[in-house]
Amino acid sequence: MPVPDALEFFIDPGRCIGCQACIQACTECDTHKGQSMIQLDYVDRAHSTQTVPVVCLHCDSPTCAEVCPADAIKRTEDGIVHTARKPRCIACNNCVLACPFGVPKMQTEMNLMMKCDMCYDRTSVGLKPWCASACPSQALAFGTREEMARLRPHAKPVNTFQFGMQTIRTKVNIMVPRDSAVEIVDVTAAMHEPTIGHEMLDDVFEPGPDRGDA
Amino acid sequence: MKTSGLRQVVGPVGWGVGTTLVLSVLILVGSRNLAHFDAALVGYTFSVLFATFGLTYRYAMWLQRPPTAMYWRRGWQAFFRRGWRRQNAGVWVRRVGTDLLANRFIFARGRLRGLTHMLIMWGCLIAVAITFPLVFGWLHFRPVPGDLSLYEAVSFGFPAFRFPHDSVMAFVLFHGLVWSSFLVIAGVMLAMRRRMREEGAAAVQRFAEDFMPLILLFAVSLTGLMLTASYTWMKGYAYTFIAILHAITVIGTFLWLPFGKFFHIFQRPAQLGVSFYKDIGRTQELAHCRRCGHAFSSRMHIEDLIEVERQLGFQYDIPGDDAHYQWICPRCRRTSLAMAQGALWRGKRGGAPLAHGRPLPMPVHANPARGQGPLGAEDADNFFP
Chain R
1 MPVPDALEFF IDPGRCIGCQ ACIQACTECD THKGQSMIQL DYVDRAHSTQ
51 TVPVVCLHCD SPTCAEVCPA DAIKRTEDGI VHTARKPRCI ACNNCVLACP
101 FGVPKMQTEM NLMMKCDMCY DRTSVGLKPW CASACPSQAL AFGTREEMAR
151 LRPHAKPVNT FQFGMQTIRT KVNIMVPRDS AVEIVDVTAA MHEPTIGHEM
201 LDDVFEPGPD RGDA
Chain C
215 MKTSGLRQVV GPVGWGVGTT LVLSVLILVG SRNLAHFDAA LVGYTFSVLF
265 ATFGLTYRYA MWLQRPPTAM YWRRGWQAFF RRGWRRQNAG VWVRRVGTDL
315 LANRFIFARG RLRGLTHMLI MWGCLIAVAI TFPLVFGWLH FRPVPGDLSL
365 YEAVSFGFPA FRFPHDSVMA FVLFHGLVWS SFLVIAGVML AMRRRMREEG
415 AAAVQRFAED FMPLILLFAV SLTGLMLTAS YTWMKGYAYT FIAILHAITV
465 IGTFLWLPFG KFFHIFQRPA QLGVSFYKDI GRTQELAHCR RCGHAFSSRM
515 HIEDLIEVER QLGFQYDIPG DDAHYQWICP RCRRTSLAMA QGALWRGKRG
565 GAPLAHGRPL PMPVHANPAR GQGPLGAEDA DNFFP
């Protein structure tokens with residue numbers, strides 16, 4: 001059964017608290033039981049708590065499928081880009097290296113690429129994916145656009161991304177400020193940005209500029 | 215566009231016709247001008263000839279896709295690379311043994327899955343090894359003149375070996391298709407059991423792609439066994455009907471070979487070429503991420519991928535930077551997505567970018583490998599894709 005059109009996935013990396021609940025919940029998915037397809041990274045672990053949770057964004061024209069020499073990656077009519085078909089995948093790594101979002105995972109010992117299929121066993125029957133069910137901060141959220149508009153009045157979903165000269169449209173949305181005019185998230189423009197952090201003092205008695213006792 | 219489209223089809227059609235003609239000539243030569251050709255098997259012969267055309271056509275079409283063409287070329291270059299040929303030949307034998315014949319990578323997914331595939335694969339291989347030479351007239355058996363207790367196998371018109379017709383060897387040999395049917399039926403049952411019980415499989419499986427091949431294999435094996443049962447225990451009851459039914463299932467399977475899941479039998483050996491490509495990549499210059507500076511692949515692979523992407527019409531070139539997005543490692547790609555989104559929220563949410571001026575670090579993956587997640591080894595134990 002196809003994933004219902006009204007239900008969509010929304011990612012807001014800014015809300016991620018790095019709890020790894022998504023990683024654990026993802027291992028419950030029946031299509032890859034025991035293995036998490038979530039990609040969670042610490043952006044700059046020495047200096048910041050910022051983390052990035054990434055699931056497959058399910059591109060309209062998936063680069064991973066196009067560069068696959070074995071025709072192993074298929075996109076169904078509902079826009080879901082499925083994990084590699086096991087009889088076909090020859091573990092060449094093309095998809096892992098070509099995905100603009102860095103999503104696929106290679107299981108070398110099995111000669112098999114695996115990736116998020118938006119918990120097809122659940123979403124195809126109208127349930128939420130495991131990660132969105134478990135995420136406490138709803139950095140990974142699943143529902144209707146109306147629900148998101150009600151719950152996040154200051155944010156709006158965007159599903160178009162710019163990588164150099166290449167524009168990619170996806171099924172999954174990313175949340176941007178509602179009052180901004182942004183319709184395309186330019187990923188390569190922000191590529192060399194440093195991490196986001198909070199300047200904190202580990203010595204509470206350290207003289208500060210407004211203490212007057214420096 | 216029309217001319218290039220026509221050219222894309224003409225080549226594969228030519229290859230298809232060529233291989234079919236070569237097989238036809240081999241049938242004529244191997245059966246000594248059809249002297250040993252069994253006319254009762256002519257339907258099988260023509261279906262194999264059709265399948266040969268279809269498979270070659272599809273294979274040649276497949277090789278035209280830019281990524282496949284690139285790997286096809288690079289795989290052979292890697293295999294025949296000067297100074298590596300002797301070593302590659304040894305590695306090739308080992309990999310054919312472990313990967314293709316022993317299904318190492320399928321057993322790595324699960325023992326039952328490995329066993330399932332092994333049973334089906336070896337059942338089919340044994341059946342093909344027995345039937346194809348018979349159908350082509352390349353092999354036939356005859357009583358030895360002067361000693362009717364002996365049988366002689368004749369291959370391509372040349373006597374190969376002799377054996378007593380009432381020996382164990384004769385029993386095993388003449389019932390080869392029975393043993394292969396047992397293997398295939400056992401494998402099909404295990405595969406069907408998985409497809410009916412596992413919710414993950416149920417979510418993504420499709421009738422034509424996943425059930426049809428199993429049904430065809432089961433039908434071929436069952437009708438084949440019915441033939442043996444008919445002439446062994448039932449005095450040939452309904453033999454002609456069963457023979458026609460069996461022929462229909464076998465011919466149907468041959469005709470299905472180029473289209474559905476069975477095509478992986480011919481596609482799969484490509485993983486050997488990929489393995490040689492990777493071997494060479496490991497010994498050559500590495501690609502370093504242009505964001506974090508860490509090595510993440512071979513330079514050759516990245517350059518090849520850039521060419522393939524350009525052929526496919528993707529434009530991941532970064533203007534003004536003399537760079538290509540392909541030079542960014544997967545971790546930094548994911549991080550860049552968060553950086554781009556964070557930049558849009560600047561001034562609206564807490565937090566601010568840390569100071570510029572130091573090299574950007576390599577992002578640290580929170581769940582680097584199977585068995586290293588929050589549940590540790592339990593993850594690995596639970597895993598059965």
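Read top to bottom, the protein sequences are chains R and C.
The working numbering puts the first sequence at residues 1 to 214.
The working numbering puts the second sequence at residues 215 to 599.
Just so you know, even glycine gets a beta-carbon here, dropped at the ideal spot from N, CA and C.
With DSSP as the reference, please indicate the residues paired to residue 59 of chain R in a beta bridge.
Per DSSP, R:170.
List, from N- to C-terminal side, the alpha helix (DSSP H) runs of 4 residues or more that fit wholly inside the region 493-532 of chain C.
Runs found: 513-526.
Distance check for residue 187 of chain R and residue 587 of chain C, CA to CA, integer angstroms please.
Residue confidence for residue 587 of chain C is low, a pLDDT of 48 falling below 50, so the modelled location carries little weight and cannot support an answer.
Given this structure, state the Cα-to-Cα distance separating residue 163 of chain R from residue 540 of chain C, to the nearest angstrom.
Answer to the nearest angstrom: the Cα atoms are 10 Å apart.
I need the DSSP call for residue 560 of chain C, collapsed to helix, strand or coil.
Note: residue 560 of chain C maps to strand in three-state DSSP.
Looking at the unbroken alpha helix (DSSP H) that takes in residue 138 of chain R, where does it start and where does it end?
That residue, residue 138 of chain R, is in no alpha helix (DSSP H); it is neither H nor E in DSSP.
Compare the C-beta of residue 110 of chain R against all C-beta atoms of chain C and say whether one is closer than 8 Å.
Yes, residue 110 of chain R lies at the interface with chain C (some Cβ there is under 8 Å from its Cβ).
Starting from residue 94 of chain R, find everything on chain C with Cβ-Cβ shorter than 7 Å and list it in chain order.
Per Cβ cutoff of 7 Å: 281, 519.
Assuming contact is defined by CB atoms lying nearer than 8 Å, are residue 349 of chain C and residue 255 of chain C in contact in what I supplied?
Contact flag set, yes.
Please classify residue 91 of chain R: is it buried, with 16 or more other beta-carbons within 10 angstroms of its beta-carbon, or exposed?
Counting Cβ neighbours within 10 Å, residue 91 of chain R comes out buried, since at least 16 surround it.
Going along chain R in order, which residues have a C-beta closer than 9 Å to the C-beta of residue 485 of chain C?
Here the neighbours are 70, 89, 90, 91, 92, 111.
Should residue 9 of chain R be labelled buried (16 or more other beta-carbon atoms within 10 Å of its own) or exposed?
Result: buried.
For residue 211 of chain R, count neighbouring C-beta atoms within 10 Å of its own C-beta (all shown protein chains included) and say buried if the count is 16 or more, exposed if not.
Reliability of the predicted coordinates at residue 211 of chain R is poor, the pLDDT of 47 falling under 50, and no value is obtained from them.
Which of helix, strand or coil does DSSP assign to residue 580 of chain C?
In this structure, residue 580 of chain C counts as coil in the three-state DSSP scheme.
Check whether the Cβ of residue 58 of chain R lies closer than 8 Å to any Cβ atom in chain C.
Not an interface residue.
Beta-carbon of residue 151 of chain R versus every beta-carbon of chain C: anything under 8 Å?
Closer than 8 Å: no.
Run through DSSP, which three-state label would residue 478 of chain C get?
Helix, per DSSP.
Using the three-state DSSP reduction, which class does residue 17 of chain R fall into: helix, strand or coil?
Looking at residue 17 of chain R - three-state DSSP - the assignment turns out to be coil, as it is neither helix nor strand.
Would DSSP call residue 419 of chain C helix, strand or coil?
In the structure shown, residue 419 of chain C sits in coil (DSSP, three-state: anything other than H, G, I, E or B).
Measuring only the C-alpha atoms, how far is residue 548 of chain C from residue 65 of chain R?
Cα-Cα distance, rounded: 19 Å.
Give the interface partners of residue 413 of chain C over in chain R, defined as CB-CB distance under 7 Å, in chain order.
Near residue 413 of chain C (Cβ distances below 7 Å), the residues of chain R are 30, 121.
Let's see if you can read the secondary structure: which residues bound the alpha helix (DSSP H) around residue 624 of chain C?
The requested residue 624 of chain C is not part of the displayed model; chain C covers only 215 to 599.
Could you tell me whether any Cβ in chain R is nearer than 8 Å to the Cβ of residue 226 of chain C?
Judged by the 8 Å Cβ criterion, residue 226 of chain C is not in contact with chain R.
Compile a chain-ordered list of the residues in the region 529-547 of chain C whose CB is closer than 9 Å to at least one CB of chain R.
Flagged, chain order: 529, 530, 531, 532, 533, 535, 537, 538, 539, 540, 542, 543, 544, 545, 546, 547.
My guess is that residue 54 of chain R and residue 551 of chain C are in contact by the Cβ rule of under 8 Å, so how many angstroms apart are they, rounded?
Correct: roughly 7 Å between the Cβ atoms.
Which chain C residues are close to residue 187 of chain R, counting only those with a beta carbon under 7 Å from its beta carbon?
Under the 7 Å cutoff, chain C gives 550, 551, 554.
Compare the C-beta of residue 323 of chain C with all C-beta atoms of chain R and state if any pair is closer than 8 Å.
Cβ-Cβ to chain R under 8 Å: yes for residue 323 of chain C.
Is residue 109 of chain R helix, strand or coil by DSSP?
Residue 109 of chain R: helix per DSSP, three-state reduction.
Any beta carbon of chain C sitting closer than 8 Å to that of residue 214 of chain R?
Bear in mind that a pLDDT of 38 at residue 214 of chain R, under 50, signals an unreliable position, so the number given afterwards is only what the model happens to contain. So no, residue 214 of chain R is outside the interface.
Between residue 599 of chain C and chain R, is there a C-beta pair that is closer than 8 Å?
Here residue 599 of chain C scores only 44 on pLDDT, less than 50, and its place in the model should not be relied on; the value that follows carries that caveat. True, the Cβ-Cβ gap to chain R drops below 8 Å.
Three Cβ pairs or more, each shorter than 8 Å: is that satisfied between the region 291-309 of chain C and the region 487-498 of chain C?
Contact between the region 291-309 of chain C and the region 487-498 of chain C is present, because at least three Cβ pairs lie under 8 Å.
Which of the three DSSP states, helix, strand or coil, is assigned to residue 42 of chain R?
It is a strand residue.
Skipping 5 residues on each side, what residues in its chain have a beta carbon closer than 7 Å to that of residue 21 of chain R?
Hits under 7 Å: 134, 135, 136.
Apart from the five residues on each side of it in sequence, which residues of its chain come closer than 7 Å, Cβ to Cβ, to residue 4 of chain R?
Here the set comprises 126.
By the criterion of Cβ-Cβ separation under 8 Å, what are the contact partners of residue 124 of chain R in chain C?
Here the neighbours are 417.
Do residue 414 of chain C and residue 121 of chain R count as a contact pair if the criterion is CB distance below 8 Å?
Cβ atoms of residue 121 of chain R and residue 414 of chain C: closer than 8 Å.
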